[in-house]
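Residue numbers (this note's numbering), protein chains in the order written: chain B, 4 to 103; chain G, 48 to 688.
We put the CB at the ideal spot given by N, CA and C, even for glycine.
Computed from a predicted model, the values in this text were never measured in an experiment.
Only one structure is covered here, and it is reproduced in the block below.
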Amino acid sequence: MVPLPYYLLLSAALFAIGVLGVLVRRNLIVVLMSIELMLNAVNLTFVAFARFHGSMDGQVIVFFVMAVAAAEAVVGLAIVIAVFRHRQSLDPQEMQLLKW
Amino acid sequence: MVAPHPTPAELDLLRWIPFLPLLGTVLNLALGARLGRRAAGWLATLAVAASFGLSLYVFLELSATAAFRDRVYTWIQSGSFRADLSLQVDALAAVMLLVVTGIGALIHLYSIGYMGHDEDAVRFFAYLNLFVFFMLLLVMADNLLLLFVGWEGVGLCSYLLIGFWYRDPANATAANKAFIVNRIGDFGFILGILLAVTELGRGGVWTLDFAQMQANVGLLAPAKLTLITLLLFAGATGKSAQIPLFVWLPDAMAGPTPVSALIHAATMVTAGVYMIARLHFLFALAPLTLSLIALVGGATAFFAATIALAQNDIKRVLAYSTVSQLGYMFLAAGAGAFSAAIFHLFTHAFFKACLFLGSGSVIHALGGEQDMRKMGGLKPHLPRTYWTYLVATLAIAGAPLTAGFFSKDMILWQLFQRGWHGLWLLGLITAGLTAFYMFRQLFMVFHGACRAEPEVRARLHESPAVMTVPLIVLALGSIFSGWLGAPDYLWGSRWDAWLRPVFGGHPAGEHGDLGAEILTTLLTLSVVAAAIYLAYLCYGRAAAAADPLSTLGAPYRLLAGKYYVDEIYDLLFVRPFTAISRWLAEVCDPGLVDGAVNGIAAVARGLSEAWRELQTGNVQHYLLGFLAGTLVLLAYYLGRI
């Protein structure tokens with residue numbers, strides 16, 4: 004059995020990549036994907052701990068997270084499409100209408 | 048507290064004496080515009096005349112007891128301190144009531160004629176009634192606090208009336224001057240009241256009631272008593288136009304002439320004398336203050352009389368004459384002869400009212416001219432005015448058997464008898480000066496050739512009866528009012544007997560040396576006669592082109608310039624004050640105050656400018672902020688573990 008720290012390290016790496024993607028990418032779709040990546044990193048942690056402790060609680064949480072993530076993806080993509088129709092661009096740096 | 052004398056049921060009418068003029072004010076303000084000017088004038092006159100009737104009734108009833116009280120309601124009740132809205136009439140107040148309502152009613156009557164053409168006559172009569180109301184409140188108050196209400200009230204009314212023709216900036220300035228100068232005195236007055244109440248309270252008696260103050264005057268330490276009386280006297284110098292606060296009274300001439308008569312004869316300026324007489328039990332125990340009062344009174348009497356010598360405005364001469372006569376009253380009060388002071392107040396009210404109203408009649412006839420150099424020879428045109436004026440002039444000069452003769456002589460004799468020989472001499476000289484400047488005025492206005500413009504001369508006319516009847520009544524009063532206080536060598540004084548319950552004194556009177564009294568009287572009379580003759584020589588014979596006094600040169604210019612007191616005040620107080628104000632307005636305010644306020648605003652704005660840069664609106668920047676914060680917190684907690 005692969006020891007727990009390996010899972011945690013992989014999860015941390017995935018989460019960091021997700022954060023970096025959200026912070027630096029210039030495309031909203033990629034940003035959304037990065038968020039999915041972060042969620043999945045967390046899911047991995049949950050599953051790893053569940054397996055490690057011999058409890059199913061973490062696996063149940065993962066199903067909840069995936070359900071919420073799916074819903075979020077639907078709303079997020081709808082917003083992205085609306086933004087693109089409106090502005091012909093998906094660069095989050097140009098979306099500064101709420102500035103002061 | 049139980050009133051010293053149970054109030055007879057019918058004396059609930061005391062409250063009507065001040066209330067009627069107040070009612071007149073209210074009615075005139077509410078309905079005056081609909082009533083019209085004449086009806087408004089009659090309404091106001093009737094209100095005061097009715098007050099006079101009530102006062103007369105009270106006066107006649109009073110002879111049985113020492114004081115009537117009418118407690119309207121409890122005004123202030125705080126701990127053991129209590130002040131009532133309570134009216135009181137004793138011998139002193141009764142005299143003042145008769146003067147205020149009697150002379151006041153005549154002045155109201157006269158005003159119907161004098162102010163009948165003025166478009167604001169309704170407002171005028173409302174103010175006039177209000178003036179009488181506050182003066183009555185002052186006179187009838189049975190405690191110092193209520194007296195102060197009346198005191199401030201007459202100050203307010205004088206302001207309103209002096210500035211009655213407010214469209215002229217000079218009048219507004221004069222009104223302001225009267226108000227501000229009085230404020231200075233009132234500041235001392237209110238400090239005196241506060242000191243009196245705290246000092247009495249320290250002794251366990253929290254009261255401002257005159258009777259209780261008199262009963263507990265022993266609680267006051269002599270030093271505190273002196274201080275209290277000095278502060279109260281400061282208030283009196285303001286109201287009664289004594290040195291150093293007399294400057295407002297001559298300027299008060301800017302108001303309509305009946306107002307001058309009211310201020311100078313029946314109300315306002317008599318308030319200071321009345322207050323000192325009312326509080327005589329305090330002042331009598333403060334010899335230092337009394338000496339100061341006598342000195343100030345004597346100096347004021349003399350200086351004002353000298354200034355009056357060289358004035359050419361008919362009303363200004365009378366104004367300085369009032370200041371001078373008030374000086375006499377303070378002279379008497381300072382010598383401890385309170386009854387003589389009130390007696391002079393009483394007689395002075397008649398002839399000064401007569402003189403002012405007479406001068407108003409002259410001004411009326413000349414279409415507003417007040418410069419005596421443009422008058423002269425008015426005697427045949429204004430016969431009734433002339434004769435009444437002559438009587439009043441004789442009275443103020445102190446001709447034998449006129450009112451002024453008795454009252455002034457009483458003061459001078461009291462001074463002489465009580466050993467104030469220096470001030471007696473000053474008073475004697477002042478009597479001569481008074482006779483001189485009054486006859487100078489009489490000759491300049493009524494005798495010689497007429498110097499008025501031809502078109503004015505063509506329209507010369509005697510005033511209507513509403514104006515001359517008051518003059519005649521006042522002229523009669525100028526003679527007979529003095530007979531109440533005749534000296535012992537004639538038929539004796541009823542006056543002192545009347546006021547004795549208030550002021551105390553020996554029942555038999557202080558019989559002095561009859562011979563000396565007659566001698567001093569003869570001395571006074573000869574000085575007065577010489578002064579009148581001198582005035583005749585200078586002004587009575589031919590119409591001199593220039594004022595004979597002006598040949599004196601520098602002293603004349605000093606007198607004509609009123610000793611430059613106004614200029615000195617201007618230099619000492621007004622200019623530094625305006626300079627400080629200007630500095631505050633031009634340097635301190637924009638630099639310091641605005642600088643501080645704007646500086647704080649600028650700092651806030653600068654900070655927000657910097658802060659604003661953080662708000663890019665870019666989601667990714669905000670997320671970076673989140674991340675940084677999270678990492679910091681994470682580092683912190685990990686570090687703690």
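Query, Result
"Test: residue 666(G) CB closer than 8 Å to a CB of chain B", "yes"
"Distance between beta carbons of residue 206(G) and residue 225(G), contact taken as under 8 Å", "6 Å"
"Any 3 or more C-beta pairs closer than 8 Å across the region 423-437 of chain G and the region 321-334 of chain G", "no"
"Runs of alpha helix (DSSP H) wholly within the region 451-533 of chain G (minimum 4 residues, chain order)", "468-493, 501-505 and 512-527"
"Contact residues within the region 77-96 of chain B, judged by C-beta distance below 7 Å to chain G", "95 and 96"
"Proximity to residue 537(G) [Cα-Cα], best of 562(G), 519(G) and 547(G)", "562(G)"
"Same chain only: Cβ atoms within 6 Å of residue 382(G), ignoring 5 sequence neighbours per side", "341, 461, 462, 465 and 467"
"Neighbouring residues, chain G, relative to residue 62(B) (Cβ below 7 Å)", "Near residue 62(B) there are no residues of chain G at all, since even the closest Cβ is about 27 Å away, more than 7 Å."
"Min CB distance residue 45(B) to chain G below 8 Å", "no"
"Contact set for residue 141(G): own chain, Cβ-Cβ below 6 Å, skip 5 residues either direction", "106 and 109"
"At least 3 beta-carbon pairs within less than 8 Å: the region 388-402 of chain G vs the region 517-531 of chain G", "yes"
"Contact set between the region 670-688 of chain G and chain B, restricted to residues whose Cβ is under 9 Å from the partner", "670, 671 and 674"
"Beta-carbon proximity list for residue 119(G), same chain, < 6 Å, skipping 5 on both sides", "62 and 132"
"Sequence-distant residues of its chain with Cβ nearer than 7 Å to residue 556(G) (five each side left out)", "Annotation note: pLDDT 49 at residue 556(G) (below 50); position unreliable, no value reported."
"Complete runs of the alpha helix (DSSP H) confined to the region 261-327 of chain G [at least 4 residues]", "269-286, 295-298, 304-308 and 316-325"
"Candidates 30(B), 29(B) and 37(B), of which the one nearest residue 22(B) by Cα", "37(B)"
"For residue 145(G), the nearest candidate out of 389(G), 385(G) and 89(G) (CA to CA)", "389(G)"
"Within chain G, the residues that residue 100(B) reaches when beta carbons sit closer than 9 Å", "664"
"Cα-Cα separation between residue 599(G) and residue 92(G), rounded to whole angstroms", "47 Å"
"Segment contact flag, the region 604-624 of chain G with the region 507-515 of chain G, C-beta cutoff 8 Å, min 3 pairs", "no"
"Buried/exposed call for residue 625(G), threshold 16 Cβ in 10 Å", "exposed"
"Proximal residues of chain G, C-beta to C-beta of residue 26(B) below 8 Å", "667, 670, 671 and 674"
"contact_flag[the region 259-275 of chain G, the region 231-246 of chain G] where n(CB pairs < 8 Å) is 3 or more", "yes"
"Short Cβ contact (8 Å threshold) for residue 65(B) with residue 50(B)", "yes"
"Between the CA atoms of residue 260(G) and residue 519(G) - distance to the nearest angstrom", "42 Å"
"Classification of residue 623(G) by the beta-carbon crowding that lies within 10 angstroms, buried from 16 upward", "exposed"
"Minimum C-alpha distance to residue 123(G) - residue among 254(G), 540(G), 647(G) and 321(G)", "254(G)"
"Residue of 497(G), 451(G) and 503(G) minimising C-alpha distance to residue 478(G)", "451(G)"
"Contacts of residue 50(B) in chain G (Cβ-Cβ under 7 Å)", "Here the premise fails: no neighbours, minimum Cβ distance about 23 Å."
"Exposure of residue 684(G), with buried meaning 16 or more beta-carbon neighbours within 10 Å", "exposed"
"Simplified DSSP assignment, three categories, for residue 70(B)", "helix"
"Rounded separation between residue 19(B) and residue 649(G) - CA only", "43 Å"
"Cβ of residue 33(B) within 8 Å of any chain G Cβ", "no"
"Chain-ordered neighbours of residue 22(B) on chain G, where CB pairs are closer than 9 Å", "670 and 674"
"heavy atom of the ligand SAH below 7 Å from residue 67(G) C-beta", "The model depicted lacks the ligand SAH and carries no ligand whatsoever."
"At least 3 beta-carbon pairs within less than 8 Å: the region 164-178 of chain G vs the region 77-89 of chain G", "yes"
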